[in-house]
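So the structure is just underneath, and the comments pick up after that.
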Amino acid sequence: MGLSRSEKAEIIELIKETLTTLTEDITLKISNEVSKKIEQKIASIFASYEDKILHLEKEYTALSNKMDALEQYTRSNTIRVYGIPERNNEDTRAVVITSLAGKMNCAIEGQLIDRCHRIRVKNSNVATNKAPPIIVKFVSCAAKDVILKNRRQLKGS
71 MGLSRSEKAE IIELIKETLT TLTEDITLKI SNEVSKKIEQ KIASIFASYE
121 DKILHLEKEY TALSNKMDAL EQYTRSNTIR VYGIPERNNE DTRAVVITSL
171 AGKMNCAIEG QLIDRCHRIR VKNSNVATNK APPIIVKFVS CAAKDVILKN
221 RRQLKGS
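Residue numbering for the sequence shown follows the numbering used here, starting at 71 and increasing by one per position.
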């Protein structure tokens, strides 16, 4: 008693359907597992980048604060002088020394001034009759304090 041709074909068809179903199930399970692993890896990388971003933001804030403090410290020896007329090819150091010494009762020596220059207007389209101010950086805070103590003599001059 052997199997008839149609029974063999039916058995083969059932085996094919079973194998197809099993293959689809296995493929789906593998796909789901791979997707989970990829999602976990992405989440791990994302968390790592979030930590790096937070660290960099903190570092940026700290460096920004440090830079502000250093800028404030460098400004501690600096003053702005207004109202000194501008001349062509001027030596701002000499202009400051003669202008301030002439109006104050104190002698200002050139070696007390570290740097000296005019501040240009950012918007050059605006014409103004005012001379740009002069930034004077002194070599020490004590030299700056001498000028500040006598600044009342400059009022109205």
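Don't be surprised by glycine CBs; every beta carbon is placed ideally from N, CA and C.
Just so you know, these numbers come straight off a predicted model, no measurement behind them.
Item: Pick from E87, E77, R221 that is closest to K173, judged by C-alpha positions; Value: R221
Item: K173 - DSSP class collapsed to helix/strand/coil; Value: helix
Item: Contact set for N147: own chain, Cβ-Cβ below 8 Å, skip 5 residues either direction; Value: D184, K207, F208, V209, S210, C211, A213, K214
Item: Neighbourhood of I167 by C-beta distance below 7 Å, restricted to the same chain and skipping five residues each side; Value: I178, G180
Item: Three-state secondary structure assigned by DSSP to I96; Value: helix
Item: Test item: CB-CB of I204 and V165 under 9 Å; Value: yes
Item: CB of E156 within 9 Å of CB of A201, strictly; Value: yes
Item: C-alpha distance - E80 paired with G72, whole-angstrom precision; Value: 14 Å
Item: C176 and V216 closer than 9 Å at C-beta; Value: yes
Item: Whole-angstrom C-beta distance between R188 and T162, which should lie under 8 Å; Value: 6 Å
Item: Assigned secondary structure, K207 (DSSP; H/G/I helix, E/B strand, else coil); Value: strand
Item: Whole-number beta carbon distance between S169 and I154, since they are thought to touch under 8 Å; Value: 5 Å
Item: Option in I115, Q110, N199 with minimal Cα separation from Y152; Value: N199
Item: D184: first and last residue of the uninterrupted beta strand (DSSP E) it sits in; Value: 183-188
Item: V151, enclosing beta strand (DSSP E) - first and last residue; Value: 148-151
Item: Alpha carbon of A132 to alpha carbon of R145, nearest angstrom; Value: 20 Å
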